[in-house]
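To start, the structure under review is shown below, and the notes come after it.
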Amino acid sequence: MLFAAEETAEHAVEAAGWFLENSWLIPLIPGIAFFVILLFGKRLPKGGSEVGIASMTASLVIAAGAAFQWIDRVDSSHGEHVGPVIRQWTWWQSGGTKFGIGQHIDGLAVMALLLVTFISTLVQIYSTEYVKGDRRYTHYFASITLFSAGMLTMVLAPNMVQLILGWEIMGLCSFLLIGHWWEERANSEAALKAFWTVRVGDIGLLVGTAMLLGIFGTLDIKGINEGAAAGDFGAQSTLMWAAVALFIACIGKSGQFPLHTWLPDAMAGPTPVSSLLHSSTMVVAGVFLVARLYPVFHVGLEINAVGQTFNLIAVIGGITLIVAAALAFVQNDIKKVLAYSTVSQLGYMMMGLGVGAWTASVFHIFTHAFFKCALFLVAGSISYTASHHSFDMKKDMGGIWKKMPITFGVWMVSTAALAGIPFFSGFFSKDEIIDSAKHADYTIFYIVGIVGAFMTTAYMTRATYLTFFGAPRGGAAHFMGVEQPDNEAHDDAAHDDHGDHGDDHDAHGQDDHAPVPGRSFPFAPFDSPWKITAPLLILGTLAVGSGYLNAPALGIHWFEHQTESSIGLPIAEGHGEEAADLAHAGEGDEEAGTAAEGEDEAEHAAAEGESADSAIFTVPEAPEFKWSAAAPGLLLVLAGFLTSLFLSFAVFGKRKSALTPLVGLTQRSKPVGAVHKFLVNKLYLDHLYEKIIFRGVAYPISKAAYWFNQKVIDGVVDGAGRSGKRTGEWVYRNIDQRLVDGAVNASGMVASETGHALQPVQSGKVNQYGALLFGAAAVAAIVLILLNV
Amino acid sequence: MYAVNFLLLSAALFSIGVFGVIARRNAVMVLMSIELILNSVNLNLIAFALINNDIDGHIFALFVIAIAAAEVGVGLAMVLMIYRNRRSIALDGLSEMHG
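One line per chain: the protein sequences are A and B, in this order.
For what it's worth, the numbering used here labels the leading residue of the first sequence as 1, then goes sequentially.
For what it's worth, the numbering used here labels the leading residue of the second sequence as 1001, then goes sequentially.
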């Protein structure tokens, strides 16, 4: 039944170019590679990693080809609408409903494909060094390849079923990879937590998908988007609830506010996994889903409607962005700082989508992937080379910038991109989100955005200071060949928190404290091996360069031009708050039922924007960039940098200053300590989930279940057993002993007696036998005669 | 020609045979009596074959003769063995198989 050879949707395929037509190969190749690695990996000379890298490279080549052909397709369209290239085959069918599998490739998908394949390739190259000698080296590469395949499947999904398929493959692989070193309990718990937290959200995905099928009668993404954009649905509220359900899935997957707690714990996995998971796959999936089904969310939640000051997506995004940034301040683990930073940036993306800044958000996915991947790989490089596999910034780092120039340089560039310093990539995407929020009259979110920018700069400055500057401590001091500032036995203390990250697991098959094989002790004076630094350099370059694909500050709108057809909604042209407002006025009125006025206004709006002729819903055009508009944000970024730098020097620095008394303030001052504790405990959300929700819900349930088990089920079972025993005894006594045995004995007796009675007949004399024979024959003859007469 | 003549002769032979089987103690005589019975049957078969003008009865009688010859062969062999072992062919003494 699989892959019935009929092709259901052939339209728009013609003359799209080979790579675009065959981009379904992109997820297929790593998918097959997964099985190859799993089955034959251990016998291969490089443990299966070569298969993984080769498959990712092949996918990358096809993705790059598809990207070029897509650009060509857009450029040759001369302003007309560029349709996606959709191909579907029937995967299975149930009661006449066919479920397809195939591809839906457009600007958004091309962007994501390129991103995922590119970063996966680099991460796999990096991993060959990082997890070298690991006991589950082959499984690691199998999982990570399937992980990429899952994301690619989701990105290419032409319908919701394939989307869910890819989505769940990723969930499974994140579980496998986070729990890669499952021998330590903390790691396996983190893996379970990630899996179950995401599963909570997945219920929303299933419910939302079912609702979409109910509303639009199709699972095809194209059909759903067109239906939503054309207003072809029953009631607004139904669509809203579908959007809410789908958004719950995104909250779980993308680590948005109430369900973000799994993401920092996911640091238990190997660093390359964190890097992949936090940049281009997994967490981006939620944002991607919103971007993919944007008409559903935009129309369902009435984004950009007149007078709307907030909506679900923007609120969740805004809360996430502030909360996660606040949490990043109190982390000592460099990977956790980065994890919260990812959560915070995902909050930006969601907020951007929530205020109608589709292009800016998608572009932020693009730029963020490069610099966040780079940051994580830098953290891995430091722990690999400098800090004895520790990630503790306070105990095992500091002052290492001198010896690791490449690592340090990439970190600085990526940090600048993350903080949104002008002319680094993050600036172009993040600033546009903030600018759009202001432009679309979401003033609250504008303020949230610039405050978030301030906080981002501040916590990254703190992390940078602790990691690279100041006096070397612990593992770093060892690495630098410096006497430790104090004579504590840091080497032992530094490894207390193995459970937090687990990267210092005995992956290298020897003691943590021994030098890495092939590297003399004290370590070689310079940076990590080339397999680690090469991906870092490439990503660092892109952390700067990727921003120039869509730099409004420089008047570049290339990226927007390539992807705008994927929004699914026309862009309100002609500078238009008015156009957008009018368009949504039309929507509002239509909902109210007074069609005439609404249509009138909608027509008016349509007249203003040419491409929006029949569209009811539009997204606002990206605002025109003005330095004056960006200035407040930039000033806050600068302020954040200076404040944090000053505080870092004062608090963590060697020299005594007026602020030195602040050191240890959290221990001494109760109110400050309370805030610190509140943040360290992640707002007590884990407590809420584990202690209150689990205890409050699961314990009574289990208690009731226990009672039910003991009293009812056991009672029934016991009763059944007892009555069964009694019945058995009665049956034994009466039926078995008397009836059955009686019958057997009686028949035996009868046979015996008959035998004795007939014994004389067997005289042994032939004559007598003959007499009997003829006598019987005579009797029979007489009977025969009597009967016949 | 009436079948009754043949049948009467046949019945007489049969009765003599049966009497011989039951009453004689000599094993050889019992065997001979059995031959009488078989021949009475043959007579019946041929009689009915003649009346019905059918060849089947004749053929059947030939078979019976052949089987009777074989039977006598086996029977006489047995009698010979019994005589060798017991120096007697009286059937009265051969009652080891009694129940």
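Beta carbons: idealized from backbone N, C-alpha and C, even for Gly.
List the DSSP bridge partners of residue i.
i, result
"residue 97 (chain A)", "A:94"
"residue 87 (chain A)", "A:103"
"residue 1026 (chain B)", "B:1090"
"residue 571 (chain A)", "A:619"
"residue 333 (chain A)", "A:392"
Report the CB separation of residue i from residue j in whole angstroms; it is logged as a contact under 8 Å.
i, j, result
"residue 127 (chain A)", "residue 176 (chain A)", "Contact flag wrong, Cβ pair sits at about 14 Å."
"residue 115 (chain A)", "residue 366 (chain A)", "6 Å"
"residue 799 (chain A)", "residue 637 (chain A)", "Missing from the structure shown is residue 799 (chain A); chain A here goes from 1 to 789 and no further."
"residue 276 (chain A)", "residue 119 (chain A)", "7 Å"
"residue 417 (chain A)", "residue 409 (chain A)", "The Cβ separation is near 13 Å, so there is no contact."
"residue 1030 (chain B)", "residue 766 (chain A)", "7 Å"
"residue 623 (chain A)", "residue 361 (chain A)", "Their Cβ separation, rounded to whole angstroms, is 14 Å, which puts residue 623 (chain A) and residue 361 (chain A) out of contact at 8 Å."
"residue 630 (chain A)", "residue 431 (chain A)", "5 Å"
"residue 121 (chain A)", "residue 56 (chain A)", "4 Å"
"residue 371 (chain A)", "residue 383 (chain A)", "About 19 Å; that fails the 8 Å criterion."
"residue 791 (chain A)", "residue 249 (chain A)", "As displayed, chain A neither begins before 1 nor continues past 789, which places residue 791 (chain A) out of reach and without an answer."
"residue 28 (chain A)", "residue 63 (chain A)", "Not confirmed; about 13 Å, so no contact."
"residue 83 (chain A)", "residue 19 (chain A)", "Between residue 19 (chain A) and residue 83 (chain A) the Cβ distance is about 17 Å, and since that is not below 8 Å, they are no contact."
"residue 193 (chain A)", "residue 92 (chain A)", "Not really, about 33 Å apart at Cβ, beyond 8 Å."
"residue 553 (chain A)", "residue 625 (chain A)", "5 Å"
"residue 342 (chain A)", "residue 151 (chain A)", "Rounded, the Cβ-Cβ distance is 16 Å, inconsistent with contact."
Quick check on the burial criterion: 16 or more other C-beta atoms within 10 angstroms. Buried or exposed for residue i?
i, result
"residue 310 (chain A)", "exposed"
"residue 744 (chain A)", "exposed"
"residue 1087 (chain B)", "exposed"
"residue 340 (chain A)", "buried"
"residue 385 (chain A)", "buried"
"residue 550 (chain A)", "buried"
"residue 23 (chain A)", "buried"
"residue 101 (chain A)", "buried"
"residue 700 (chain A)", "exposed"
"residue 154 (chain A)", "buried"
"residue 496 (chain A)", "Residue placement at residue 496 (chain A) is poorly supported in this model, since its pLDDT is 38, which falls under 50; the coordinates still yield a value, given next. When all chains shown are included, residue 496 (chain A) counts as exposed."
"residue 183 (chain A)", "exposed"
"residue 132 (chain A)", "buried"
"residue 739 (chain A)", "exposed"
"residue 1090 (chain B)", "exposed"
"residue 464 (chain A)", "buried"
"residue 75 (chain A)", "exposed"
"residue 45 (chain A)", "exposed"
"residue 756 (chain A)", "exposed"
"residue 741 (chain A)", "exposed"
"residue 40 (chain A)", "exposed"
"residue 706 (chain A)", "exposed"
"residue 86 (chain A)", "buried"
"residue 69 (chain A)", "buried"
"residue 791 (chain A)", "Absent from the structure is residue 791 (chain A), since the part of chain A shown begins at 1 and ends at 789."
"residue 711 (chain A)", "exposed"
"residue 1014 (chain B)", "buried"
"residue 269 (chain A)", "buried"
Find the residues of chain C that neighbour residue i, judging by a C-beta separation of less than 8 Å, and give them in chain order.
i, result
"residue 1095 (chain B)", "Judged by its chain identifiers, the structure shown contains no chain C, and its protein chains are A and B."
Under 6 Å from any heavy atom of the ligand ADP, does the C-beta of residue i make it?
i, result
"residue 454 (chain A)", "Ligands displayed in this structure: none; no statement on the ligand ADP is therefore possible."
Entirely enclosed beta strand (DSSP E) segments - the segment 212 to 238 of chain A, minimum 3 residues: none
Any 3 or more C-beta pairs closer than 8 Å across the segment 367 to 381 of chain A and the segment 330 to 346 of chain A: yes
Continuous alpha helix (DSSP H) assignments of at least 4 residues falling wholly in the segment 340 to 413 of chain A: 358 to 385, 393 to 396
Inter-stretch contact at 8 Å, needing at least 3 Cβ pairs: the segment 563 to 572 of chain A / the segment 290 to 301 of chain A: yes
At least three beta-carbon pairs within less than 8 Å, the segment 727 to 742 of chain A to the segment 779 to 789 of chain A: no
Segment contact flag, the segment 367 to 375 of chain A with the segment 320 to 329 of chain A, C-beta cutoff 8 Å, min 3 pairs: no
Every unbroken alpha helix (DSSP H) inside the segment 146 to 223 of chain A [4 residues or more]: 160 to 178, 185 to 216
Sequence ranges, alpha helix (DSSP H) only - wholly within the segment 430 to 484 of chain A, length at least 4: 443 to 468, 474 to 480
Stretch-stretch touch, CB-based, cutoff 8 Å, three pairs: the segment 1031 to 1041 of chain B with the segment 1015 to 1023 of chain B: yes
Segment contact, 8 Å Cβ cut-off, at least three pairs: the segment 208 to 223 of chain A with the segment 236 to 251 of chain A: yes
Three or more C-beta pairs below 8 Å linking the segment 342 to 351 of chain A and the segment 254 to 270 of chain A: yes
Length-filtered (3 minimum) beta strand (DSSP E) runs lying within the segment 243 to 295 of chain A: none
Those runs of the alpha helix (DSSP H) which lie wholly inside the segment 713 to 748 of chain A and span at least 4 residues: 714 to 730
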